[in-house]
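This report concerns only the one structure given below.
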């Protein structure tokens, strides 16, 4: 497993695997979005309590999962960059922090739109909402740090350290609704008990999982695409350096 | 120790240090991090030592059969199935407010033990289902699988 990952850490080898992966995951994402959005917005029932507002959940919940998932992947990349000095891992942090920030923004905005009709408020400072806002700021900090230094390597190193340190926030987000009283409800699907018996009816679980799949493949496609362009821009930069100095 | 080992130890040290600091901070601030208190945090044998003469948020279930609308004034009882507190509120009522549902009210507790709310928010739980399923569950005697039997 780690050998395969180490082999992929070579940019040239990455391109060979990356291009087919990009096409497959883009196609899968487009297909799942088409099916998932049709189910979520048109073909699934309204909720007994929230009525039509439940449809926001199909956009909101997978975005929240991906916001956390993307962050975990950043932290994993940060480890491999800081310990083994894998160049590709450093570039991954720079490439994917904006994607994670976008997932978090989608989660926060759709949550706010859902909160107004259901809770009766756009925003409250409860533990779940606040910790997700902190996640957004962590992403913003990583994006800023990666470009904050003249020396590119130093910027990546700083961004990697922040990614690692920010890991502390992930369990706080996940368990905030269990540890403290919050306005946000506890998990309906993503806990051990709920995986066995989800609190979401099957007619609503199918569109939710379809949308989650669509988001996941979108994440993979974006990762390949953005990593590829990071490699390219780095090559252009070093070619320019060679021309100017050599 | 090689350079790589040094880096690994540095990372372990920094990350555990920050995790412990964060855990201690959040634990020390747990009464502030909590978004609302339940009735048994406020009154009864297990009441927490919190300042009650300044505004706070009270949360729990709206007890069945206690909602009274008197002109603009709304009265109901909030319960956590251990203690109950009567709430009085005037203002916009969220669409999801109903008997048996979760609710969070912000306001102050007066000397008579009545909670005078200035803001009212409905709490949604983790259950999502179409109306037919909710109806079927109710007929089977398990209203959404969460309303306790003493409040049918």
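Residue numbers (the working numbering), protein chains in the order written: chain A, 537 to 782; chain B, 4 to 155. Yeah, the Cβ is synthetic: ideal placement off N, Cα and C, and Gly gets one too.
Inclusion of residue 750(A) and residue 572(A) in the CB contact set at 7 Å is warranted, their separation being smaller than that value. Between the beta-carbon of residue 649(A) and that of residue 592(A) there is about 6 Å, and that keeps the pair under the 8 Å contact cut.
Straight through space, the alpha carbons of residue 770(A) and residue 715(A) are spaced by roughly 44 Å. Only residues of its own chain outside the window of five on either side were considered, and among them 651 have a CB closer than 7 Å to the CB of residue 657(A), listed in chain order. If the five residues before and after residue 659(A) are omitted, its C-beta is found closer than 8 Å to the C-beta atoms of 648, 651, 665, all from its own chain and listed in chain order.
Annotation: the continuous beta strand (DSSP E) that includes residue 87(B) extends over 87-93. Burial check for residue 23(B): the Cβ neighbour count within 10 Å stays below 16, so the residue is exposed. Residue 717(A) sits buried, since 16 or more C-beta atoms from the chains shown fall within 10 Å of its C-beta. Note that the C-beta distance between residue 704(A) and residue 21(B) is below 7 Å. Residue 611(A) sits close to residue 700(A), with the two beta carbons spaced by under 7 Å.
Residues of chain A with a Cβ closer than 8 Å to the Cβ of residue 14(B) are, in chain order, 615, 618, 619, 700. For residue 92(B), no CB of chain A lies under 7 Å from its own CB, so it is not counted at the interface with that chain. Here residue 606(A) carries a helix assignment [DSSP, helix/strand/coil].
Beta-bridge partners of residue 125(B) (DSSP): 106(B). For residue 658(A), the nearest beta carbon of chain B is not closer than 7 Å to its own beta carbon. The beta-carbon of residue 87(B) is placed no less than 7 Å from the nearest beta-carbon of chain A. Within chain A, the residues whose beta carbon sits less than 7 Å from that of residue 7(B) are 619, listed in sequence order. Not a single C-beta of chain B is nearer than 7 Å to the C-beta of residue 727(A). Annotation for residue 71(B): 77, 78, 79 place their beta carbon closer than 8 Å to its own, counting only its chain and skipping 5 residues before and after. Straight-line spacing of the CA atoms in residue 558(A) and residue 40(B) works out to 49 Å.
In the DSSP secondary-structure assignment, residue 81(B) is bridged to 65(B), 88(B).
Between the beta-carbon of residue 589(A) and that of residue 654(A) there is about 6 Å, and that keeps the pair under the 8 Å contact cut.
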